[in-house]
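> Just passing along the structure, written as structure tokens.
In my numbering, the protein residues as written are 23 to 103.
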């Protein structure tokens with residue numbers, strides 16, 4: 023039986039939806055399986071990094087707005103011993 027090469031996104035869809043499709047994944051070479059896992063991990067890490075970056079940016083913006091609206095002047099005085 024000759025295996026038909028699937029593109030990456032079809033592999034993702036098959037791995038999510040079709041448990042019988044795991045037989046095809048098991049028949050692949052180890053290097054292809056490692057590439058698949060690495061690419062899948064990179065996609066998830068990128069999505070998570072973008073979401074955390076957005077949350078951090080929102081927090082910094084809200085802190086900046088709070089300081090600008092509620093604190094009139096910030097001064098530092100020289101402290102002498």
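Beta carbons are placed, not taken as given, at the ideal position from N, Cα and C, and that holds for glycine.
(1) May I ask which residues mark the beginning and end of the alpha helix (DSSP H) holding residue 51?
(2) Using three-state DSSP, classify residue 99 as helix, strand or coil.
(3) Where do the ends of the alpha helix (DSSP H) carrying residue 34 lie?
(4) What distance in whole Å lies between the Cβ atoms of residue 62 and residue 38, which are believed to be in contact at a cut-off of 8 angstroms?
(5) So, with DSSP's three-state summary, where would you put residue 94?
(6) Looking only at its own chain, which residues have a Cβ that is under 8 angstroms from the Cβ of residue 30, when we skip the five neighbours before and after it?
If we stick to the structure as given:
(1) Looking at the DSSP string, residue 51 is not in any alpha helix (DSSP H), and its letter there is neither H nor E.
(2) coil
(3) 30-39
(4) That belief does not hold up - the Cβ atoms of residue 38 and residue 62 are roughly 11 angstroms apart, past 8 angstroms.
(5) coil
(6) 58, 61
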